[in-house]
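*Asks:* Throughout, this note's numbering is defined as the position within the sequence shown, counted from one, plus 27.
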Amino acid sequence: MSRHDLQPKPDRPDVVRATVGWDRPLQTFFAQVFFRTEDEPAEGEPLVWIGTEPGELLSAEAAIAVVAPHAIIPPDLHRQLTADMQSSIGVEDGSQQVAAKRYLFGSTH
């Protein structure tokens, strides 16, 4: 799994950070936006979290689009995310990943 933490846009004081990455076992990109809450003013809570289902976000562009309204997007982020995905080609699930997928999703796909 890869993970890239992004800084909030200056006009978004309600956002603590945004995160995008590639989840190889689920074969999906993911995007999270952590907002300040009364309970978590410093760390924030992920009130936006997409890419938790197999194949949910199939492109780097889709993940970036989720966080773009909230965070500063580095110019090379698309390239980094694509490289993260490509570096995992041919990597197979371990026995614990297979068991977790079967439990959570009813299959290993």
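For every residue, glycine included, the Cβ atom is placed at its ideal position computed from N, Cα and C. Keep in mind it's a predicted model, so treat the numbers as computed, not measured.
Near E83, what residues of its chain come up, given a Cβ to Cβ distance below 7 Å and the 5 sequence neighbours on each side ignored?
*Replies:* Here the set comprises T55, I77.
*Asks:* On the CB-based measure, 16 or more other CB atoms within 10 Å of its CB, does I116 come out buried or exposed?
*Replies:* Exposed.
*Asks:* Excluding the 5 residues flanking A89 on each side, which residues of the same chain have their C-beta closer than 7 Å to its C-beta?
*Replies:* Correct list, in chain order: F56.
*Asks:* Determine contact between the segment 37-50 and the segment 89-108, defined as no fewer than three beta-carbon pairs at a distance below 8 Å.
*Replies:* Verdict: yes, contact present.
*Asks:* With a Cβ-Cβ cutoff of 8 Å, do P81 and Q59 count as a contact?
*Replies:* Result no, Cβ atoms of P81 and Q59 do not sit closer than 8 Å.
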